[in-house]
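The next block holds one structure in the form of structure tokens; read it before the comments.
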Amino acid sequence: MTNFDYYAPTKVVFGKGTENQVGELVKEQGCSKVLVHYGSGSVIKSGLLDRILQALDKAGVSYVSLGGVVPNPRLSLVYEGIELCKKEQVDFILAVGGGSVIDSSKAIGYGVENGGDVWDFYERKREATSCLPIGVVLTIAAAGSEMSNSSVITNENGWLKRGYGNDCCRARFAVMDPELTMTLPKYQTASGCVDIMMHTMERYFNQEENLDLTDGFSEHLIRTVMENAQILMKEPDNYKARAEVMWAGSLSHNGLTGCGTAGGDWASHQLEHELGGMFDVAHGAGLAAVWGSWARYVLDGNPARFAQFAVRVMGQTEGDDEKETALRGICAMEEFYRSVNMPTSLAELGIHPSDEELRELAEKCSHFGKRTVGCIKKLDQEDMYQIYKKAL
Ligand code: NZQ
Ligand code: ZN
Numbered sequence: 009m010t011n012f013d014y015y016a017p018t019k020v021v022f023g024k025g026t027e028n029q030v031g032e033l034v035k036e037q038g039c040s041k042v043l044v045h046y047g048s049g050s051v052i053k054s055g056l057l058d059r060i061l062q063a064l065d066k067a068g069v070s071y072v073s074l075g076g077v078v079p080n081p082r083l084s085l086v087y088e089g090i091e092l093c094k095k096e097q098v099d100f101i102l103a104v105g106g107g108s109v110i111d112s113s114k115a116i117g118y119g120v121e122n123g124g125d126v127w128d129f130y131e132r133k134r135e136a137t138s139c140l141p142i143g144v145v146l147t148i149a150a151a152g153s154e155m156s157n158s159s160v161i162t163n164e165n166g167w168l169k170r171g172y173g174n175d176c177c178r179a180r181f182a183v184m185d186p187e188l189t190m191t192l193p194k195y196q197t198a199s200g201c202v203d204i205m206m207h208t209m210e211r212y213f214n215q216e217e218n219l220d221l222t223d224g225f226s227e228h229l230i231r232t233v234m235e236n237a238q239i240l241m242k243e244p245d246n247y248k249a250r251a252e253v254m255w256a257g258s259l260s261h262n263g264l265t266g267c268g269t270a271g272g273d274w275a276s277h278q279l280e281h282e283l284g285g286m287f288d289v290a291h292g293a294g295l296a297a298v299w300g301s302w303a304r305y306v307l308d309g310n311p312a313r314f315a316q317f318a319v320r321v322m323g324q325t326e327g328d329d330e331k332e333t334a335l336r337g338i339c340a341m342e343e344f345y346r347s348v349n350m351p352t353s354l355a356e357l358g359i360h361p362s363d364e365e366l367r368e369l370a371e372k373c374s375h376f377g378k379r380t381v382g383c384i385k386k387l388d389q390e391d392m393y394q395i396y397k398k399a400l
């Protein structure tokens, strides 16, 4: 087990009707002007945005609003948000939406508080020293951005999707009403569930001597999301299942399931981010499409860990041959993905990259040959190309 820091400062306000508290929650922050940031229309259609604005009016909080965030949120809107915040002297951002809206809010927050080009942080050219404070009203259980220190932005110039992590962007509060997620299309619900599972799986696949407690949390969290994802495919209005998944989404990415793991692997995420940047796919679906290919490619790097996953998470019987047990576990996970209509290949994801595009994906993922990703096996540009190719 390695030493670790666990830092989860976000106040969570969870349950039915909690969005009605948002006016008071924002007021408590002592800010003078709020940017209400939202996506491409779901919050207008559901009436949530109106209710949030009414709650702010009632609490006497003044605000400006900016909608239009798209999945795989774009840098151009971030720049627009930064200018708006500066012009309106905004000192707090309320993100009403999912990972894309929250990540766009974090990027705007960095841009307002630090001089120069905000993209520098995503290119790892320098570190942000602060971020405007952020509050969240979550509408989809998936990315875990409501409690994470990370944000992921797509630069249209080159279609590069890059993540940046810094504790100063962690949300001050997150309002989570599971009922708000009942309007999600099934595909987004399932894609979100995969992302939640993957945030724990990325940490679970590591090369450390792991804490039993962290393993136990992780295995139970993944099984819980699998069970409830299947319930939600049949009963999208099942409140308990929505609640289980929503809370799992936050715990899966707030650091809890990484305690003692030295971070974990994260190669599948890095491989997927390039797919999102170039082909604009839903993040969780992209993860499902590459995971099996990644798992088989790196399996020899730690067959014991994959075998433990097969037995404790995927319910496989333990065979004499670790690798054979491990492979059964990988197949079982792919079967699960199919059971919730998630893809297990790029073709099923709906994209058919040419060989040249596969090379481009690998080139971008390796930051043009400058980095490796993953710890089960350190993947270089050629490995990345092979994994994409086997995922076709
Ligand atoms: O834009 P609107 O109209 O709101 O529609 C959204 C969007 O089309 C829709 N939606 C959200 N809530 C809804 C709803 N539709 C009906 N009813 C509701 N209640 O769902 C679609 C997806 O929304 P998005 O915010 O993109 O989803 P998600 O939370 O999965 O976020 C994905 C983004 O987060 C990044 C991903 O890479 C991707 O860009 N990630 C962020 C992380 C972080 N900051 O910690 C970690 C993750 O690994 C991930 O990389
Ligand atoms: Zn993710």
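Each residue of the sequence shown is one higher than the last, beginning at 9 in our numbering. Every residue gets a Cβ at the ideal spot worked out from N, C-alpha and C, and that includes glycine.
query: Given that a residue counts as buried once 16 or more other Cβ atoms are within 10 Å of its Cβ, and exposed if not, what is S226?; result: buried
query: Put L221 into one of helix, strand or coil per three-state DSSP.; result: helix
query: If you follow the beta strand (DSSP E) that T162 is in, where does it begin and where does it stop?; result: 158-163
query: Please go through the stretch 53-115 and give each complete beta strand (DSSP E) segment of 3 or more residues, from N-terminal end onward.; result: 70-74, 100-105
query: For D111, I'd like the list of residues in its chain whose CB is within less than 6 Å of its CB, leaving aside the five on either flank, ordered along the chain.; result: P81, S153, S159, V160
query: Near M209, what residues of its chain come up, given a Cβ to Cβ distance below 7 Å and the 5 sequence neighbours on each side ignored?; result: I230
query: Assuming Y118 and C177 make a contact with CB atoms under 8 Å, what is their CB distance in whole Å?; result: 7 Å
query: Less than 7 Å between C-beta atoms, sequence neighbours within five positions excluded: which residues of the same chain meet that for Q278?; result: C373, V381
query: Excluding five sequence neighbours on each side, which residues of the same chain lie with their C-beta closer than 6 Å to the C-beta of I90?; result: I116, G119, V120
query: Under 8 Å, do L357 and Y396 count as touching if we go by C-beta distance?; result: no
query: State buried or exposed for N236, treating a residue as buried only when at least 16 other CB atoms are found within 10 Å of its CB.; result: buried
query: Return yes when the Cβ of G200 is within less than 8 Å of the Cβ of H281, no when it is not.; result: no
query: Whose CA, out of C383, A340, K386, lies closest to the CA of M322?; result: A340
query: One question on the structure: do I142 and A198 come within less than 8 Å of each other, judged by their Cβ atoms?; result: no
query: Buried or exposed, going by whether 16 or more other CB atoms sit within 10 Å of the CB of K242?; result: exposed
query: Starting from F213 and walking both ways along the alpha helix (DSSP H), at which residues does that stretch end?; result: First-last for F213: undefined, no H or E at that position.
query: Taking the straight line between their C-alpha atoms, what separation do you get for E342 and V86?; result: 36 Å
query: For D391, is the classification buried or exposed, using 16 other Cβ atoms within 10 angstroms of its Cβ as the cut-off for buried?; result: buried
query: Any heavy atom of the ligand NZQ closer than 7 Å to the CB of N80?; result: yes
query: Checking the sheet assignment: what are the DSSP bridge partners for Y46?; result: V104
query: Using a threshold of 7 Å, is the CB atom of H360 nearer than that to any non-hydrogen atom of the ligand ZN?; result: no
query: Between I204 and A256, is the Cβ-Cβ spacing less than 8 Å?; result: yes
query: Looking at A151 and the ligand SAH, is the gap between the Cβ and the nearest heavy atom below 7 Å?; result: This structure does not include the ligand SAH; its bound ligands are the ligand NZQ and the ligand ZN.
query: Which of helix, strand or coil does DSSP assign to G200?; result: helix
query: Measure from the alpha carbon of L259 to the alpha carbon of each residue in M9, F12, A16, Y46, then state which is nearest.; result: A16
query: Please classify L74 as buried or exposed, where buried requires at least 16 neighbouring CB atoms within 10 angstroms.; result: buried
query: Please state the DSSP three-state secondary structure of A318.; result: helix
query: Measuring CA to CA, which of V348, E217, R304 is closest to V202?; result: V348
query: Bridge partners of A182, per DSSP?; result: V20, V144
query: Along the chain, where does the beta strand (DSSP E) that runs through G173 open and close?; result: 168-173
query: Let me make sure I understand the geometry here. Which of L61, L240, A355, F287 has the alpha-carbon closest to that of E27?; result: L61
query: Locate the alpha helix (DSSP H) running through W331, then write down its first and last residues.; result: For clarity, residue 331 is Lys in the given sequence; the question names Trp instead. Run containing K331: 330-347, per the alpha helix (DSSP H) assignment.
query: With DSSP collapsed to three states, give me the class of K41.; result: strand
query: When burial is assigned at 16 or more other CB atoms within 10 Å of the CB, is I418 buried or exposed?; result: No information on residue 418 is available, as it lies outside the stretch 9 to 400 that the chain covers here.
query: Rounding to the nearest angstrom, what Cα-Cα distance links V72 and A318 in this structure?; result: 50 Å
query: Can you give, in chain order, each stretch of the alpha helix (DSSP H) that sits fully within the stretch 222-261 and has at least 4 residues?; result: 247-261
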